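K.L.:
Before I ask anything, let me first share the structure, which is written out below as structure tokens.
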Amino acid sequence: MPDRIDNNNLKKKTLMEKLTNYFGQNIKDKKIVITGGTTGIGKAIADVLVSLGGRVLIFGRDREDFEKAVADIKKQFPDSELYGTPADVTKKEDIDKILSIADTKLGGIDILINNAAVAAPGLTGETYEDYKYAIDTNITGYLAFAQAAAARMKKHKSGHIINIGSMSAESRTPESTIYVATKTAIRGFSTSLRKELNPLGIKVSLIEPGAVTSDMQTDPKKVQHEKVEKLEMLEAYDIAMSTLFCLSQPKRCDIVTMQIRPHLQII
């Protein structure tokens, strides 16, 4: 009996090593930038990619969130190569600061996860400044980092840009008109960007999650957790694993668009 148990454990270990090697084949030692990588989906993606040996740069607007994220990742993975700073994608000087860190610490960008975004409500109750900030974050920030990443990737004729969109581009609810506008823009941008960068050997993928637990949700954390239990909401790690799946494909295979919804979310 002990021999059989040992053999089973060995088989499980071998299987896990094979899975780790497969999913980590395009991650280990890669130079990765994650915008909005300090909370929610971005933080979950950072956890997964760091765990597989990625050299990761994260940033977000809030200094406290940034410091918590770095401390947590370092606690989980003490030997990880992690860089970053508080930064806002709407500020040109902050964009330049992040790109400088990417060049000096990472040596460029192999993988870009465009994720930084803010929630935005309907149009009628908002000021010009409010919706301009949402547009600058949710659209201009994506364009700026995609442009910078592509400039670095094309030198090697390889790279992968993943844009985190939203099913709001499809559901188009009236209470989130501004957010819908930005995420619909990201859908079109991703389609066109793939056509532009494809000849350069650069992959572009769009991931559109449905409802996901995050600070952007209006529901309290307890209610969000209850919705997860009821299959009405996703967790951030669901999107992180979907991102890993996109990144783990061989060079011949592109995951162009991926839509992930909670089982009971009907759009």
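Residue numbers for the sequence shown follow numbering that gives the first Met the number 0, so the first one is 0 and each next one is one higher. We put the beta carbon where it would ideally sit given N, CA and C, even for glycine. Values in this document were obtained by computation on a predicted structure and should not be read as measured data.
1. Within 10 angstroms of the Cβ of residue 209, are there 16 or more other Cβ atoms? Answer buried if so, exposed if not.
2. CB-CB under 8 Å to residue 214, same chain, minus the five flanking residues each way: which ones, in chain order?
3. When the distance is taken between beta carbons, is residue 82 closer than 8 Å to residue 100?
4. Since residue 22 and residue 36 are thought to touch, with beta carbons under 8 Å apart, how far apart are those beta carbons, to the nearest angstrom?
5. Please list, in chain order, all residues of the same chain as residue 202 whose beta carbon is under 6 Å from its beta carbon, the five residues on each side excluded.
6. Excluding five sequence neighbours on each side, which residues of the same chain lie with their C-beta closer than 7 Å to the C-beta of residue 93?
7. Check whether the Cβ atoms of residue 116 and residue 139 sit closer than 8 Å, and answer yes or no.
8. Going by other Cβ atoms of all chains shown within 10 Å of its Cβ, with 16 needed for buried, is residue 164 buried or exposed?
9. Assuming residue 228 and residue 264 form a contact by the criterion Cβ under 8 Å, report the distance between their Cβ atoms to the nearest whole angstrom.
10. Could you check which residue in 195, 133, 80, 244 has the C-alpha nearest to that of residue 106?
11. Going by DSSP in three states, residue 181 sits in which element: helix, strand or coil?
12. In the DSSP assignment, the alpha helix (DSSP H) including residue 246 goes from what residue to what residue?
13. Inspect the beta-carbon positions of residue 258 and residue 166 and report whether they are closer than 8 Å.
14. What's the call for residue 32, buried or exposed, on a 16-neighbour Cβ count within 10 Å?
15. Give the secondary structure of residue 271 by DSSP, where H, G and I count as helix, E and B as strand, and everything else as coil.
16. Express the C-alpha separation of residue 103 and residue 238 in angstroms, rounding to a whole number.
17. To test your reading of the DSSP string, which unbroken beta strand (DSSP E) runs of 3 or more residues are found completely within the stretch 27 to 111?
P.N.:
So, from the listed chains and residues:
1. Counting Cβ neighbours within 10 Å, residue 209 comes out buried, since at least 16 surround it.
2. The beta carbon of residue 214 sits closer than 8 Å to those of 38, 39, all from its chain and outside the five residues before and after it, given in chain order.
3. With contacts defined by Cβ atoms closer than 8 Å, residue 100 and residue 82 form a contacting pair.
4. Actually they do not touch by this definition, with Cβ atoms about 19 Å apart.
5. So the qualifying residues of the chain are 159, 253.
6. Correct list, in chain order: 86, 87.
7. No; because the gap between Cβ atoms is not below 8 Å, this pair is not in contact.
8. Under this definition residue 164 is a buried residue.
9. Taking 8 Å as the upper bound for CB-CB distance, residue 228 and residue 264 are not in contact here, some 14 Å apart.
10. Nearest of 195, 133, 80, 244 to residue 106, Cα basis: 80.
11. Residue 181: helix per DSSP, three-state reduction.
12. Start and end: 235 to 246.
13. It is a contact, given that the beta carbons lie within the stated cut-off.
14. Buried.
15. A query on residue 271 cannot be resolved here, the shown segment of the chain reaching from 0 to 266 and no further.
16. Their Cα atoms are separated by approximately 29 Å.
17. Counting only runs of 3+ residues, the beta strand (DSSP E) found wholly inside the stretch 27 to 111 occupies 30 to 34, 54 to 58, 81 to 83, in chain order.
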